[in-house]
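Novice:
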Amino acid sequence: GCHTRHEFKPSEARKRETCGICHMGVDHAEWEFWNNSYHGKIYAMEGDQWDWDQKMNPKNYRAPTCAYCHMGEDGNHNTQNMQTVYNHMGMFQVNRGAPRYKAKRDAWIKKCQGCHSPRFAAEQLYAMDEQINISFTKWREAVGILIGLYLEGLFDPMPADLAPDWTGGHTMNLLPGGQPRFYNVSKIERLAVEMIVYQVTAVYKAAAHFSIDDVSYNAGAFPMDRQLIEIKDEASKLRRISTLEKEVGIEHVAYDFWKHGEY
Numbered sequence: 005g006c007h008t009r010h011e012f013k014p015s016e017a018r019k020r021e022t023c024g025i026c027h028m029g030v031d032h033a034e035w036e037f038w039n040n041s042y043h044g045k046i047y048a049m050e051g052d053q054w055d056w057d058q059k060m061n062p063k064n065y066r067a068p069t070c071a072y073c074h075m076g077e078d079g080n081h082n083t084q085n086m087q088t089v090y091n092h093m094g095m096f097q098v099n100r101g102a103p104r105y106k107a108k109r110d111a112w113i114k115k116c117q118g119c120h121s122p123r124f125a126a127e128q129l130y131a132m133d134e135q136i137n138i139s140f141t142k143w144r145e146a147v148g149i150l151i152g153l154y155l156e157g158l159f160d161p162m163p164a165d166l167a168p169d170w171t172g173g174h175t176m177n178l179l180p181g182g183q184p185r186f187y188n189v190s191k192i193e194r195l196a197v198e199m200i201v202y203q204v205t206a207v208y209k210a211a212a213h214f215s216i217d218d219v220s221y222n223a224g225a226f227p228m229d230r231q232l233i234e235i236k237d238e239a240s241k242l243r244r245i246s247t248l249e250k251e252v253g254i255e256h257v258a259y260d261f262w263k264h265g266e267y
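Residues are numbered in my numbering as their position in the sequence shown, beginning at 1, plus a constant of 4.
(1) Using 7 Å as the cut-off, classify the Cβ of P184 as near or not near the heavy atoms of the ligand FAD, replying yes or no.
(2) Can you list the alpha helix (DSSP H) stretches of 4 or more residues lying completely in the region 195-228, in chain order?
(3) Taking the alpha-carbon positions, what's the K241 to G173 distance?
(4) Around the Cβ of L166, are there at least 16 other Cβ atoms within 10 angstroms (buried) or fewer (exposed)?
(5) Need the endpoints of the alpha helix (DSSP H) that A71 sits in, please.
(6) Please work out which residues of its chain come closer than 6 Å, Cβ to Cβ, to W56, disregarding the five sequence neighbours upstream and downstream, and give them in chain order.
(7) So, with DSSP's three-state summary, where would you put D110?
(8) Which stretch, first to last residue, makes up the alpha helix (DSSP H) that contains Y65?
(9) According to the Cβ coordinates, are S139 and A212 closer than 8 Å?
(10) Using beta-carbon positions only, say whether Q128 and F214 come within less than 8 Å of one another.
(11) May I ask you to report which of helix, strand or coil DSSP gives T141?
(12) Return yes when the Cβ of C116 is within less than 8 Å of the Cβ of A125, no when it is not.
(13) Got a sec? Which residues, its chain only, sit under 7 Å from H256 by beta carbon, not counting five neighbours each side?
(14) With DSSP run on the structure shown, which of helix, strand or coil describes M28?
(15) Can you have a look at E36 and say buried or exposed, based on whether 16 or more other CB atoms are within 10 angstroms of its CB?
(16) For K209 and E238, which I take to be in contact (beta-carbon distance under 8 Å), what is that distance rounded to the nearest angstrom?
(17) Please confirm whether H43 and A67 have their CB atoms less than 8 Å apart.
(18) How about A258 and P161: do their beta carbons lie closer than 8 Å?
(19) With a threshold of 16 other CB atoms inside 10 Å of the CB of H92, please say whether the residue is buried or exposed.
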């Protein structure tokens, strides 16, 4: 929780370390991204000198921690205040700058105005929108490759050749009715799941927490570029092997080991 059960101190909830217990790791690295932002660096340099018994107000703190943006000065426990709409942790594309979300965007900008001009805040959020749009362009390209292979029956193995998923079915994990998962899938499906869960979400979360390096080099765009290359490389191999098998009259049957596992 935001404060441990034996203390219930607001001062504890205001510090970044508390949030890092859960909001960290490769699939939702908000804590790491915030640490790598200017906000995080100021905290690292000066945080031990701040009076954490004061309310989360820009007059009291030179940089915001998680609680300032997500809980506010009044201690509102709706920690999704700054979220436009729930998007499965960044795995669904949302146009956060759309007119239907204007009230949310205005509230976000108002929150930033504790320290920044509204123009500066709006420009930063617009840059976030563009970075997210680019990441989903790459994701759609990857999905298009996978769907093409699936329709041609070129996955190795195909979903029908795997052990049943938790629903008892064999639906491709990226199709409606499927369940995105890291196990009991073909290699190319696994690569795609890593791309959406790790890199696409990293672009969004790093941009939202203003970590320049993580948006690009470290966690987001550049690793995503490599992942897309890996997907294309695997797709190329699957097509070439299929062509060779047809030429020599081989009808491949998935190996039995694909049907078993601790699922």
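Beta carbons are placed, not taken as given, at the ideal position from N, Cα and C, and that holds for glycine. For clarity, every value in this text was computed on a predicted model and none was experimentally measured.
Specialist: From the atom records:
(1) The ligand FAD is absent from the structure shown, which contains no ligands of any kind.
(2) 205-212
(3) 27 Å
(4) buried
(5) C70 to H74
(6) S15 and R18
(7) helix
(8) First-last for Y65: undefined, no H or E at that position.
(9) no
(10) yes
(11) helix
(12) yes
(13) E249
(14) coil
(15) buried
(16) Between E238 and K209 the Cβ distance is about 27 Å, and since that is not below 8 Å, they are no contact.
(17) yes
(18) yes
(19) exposed
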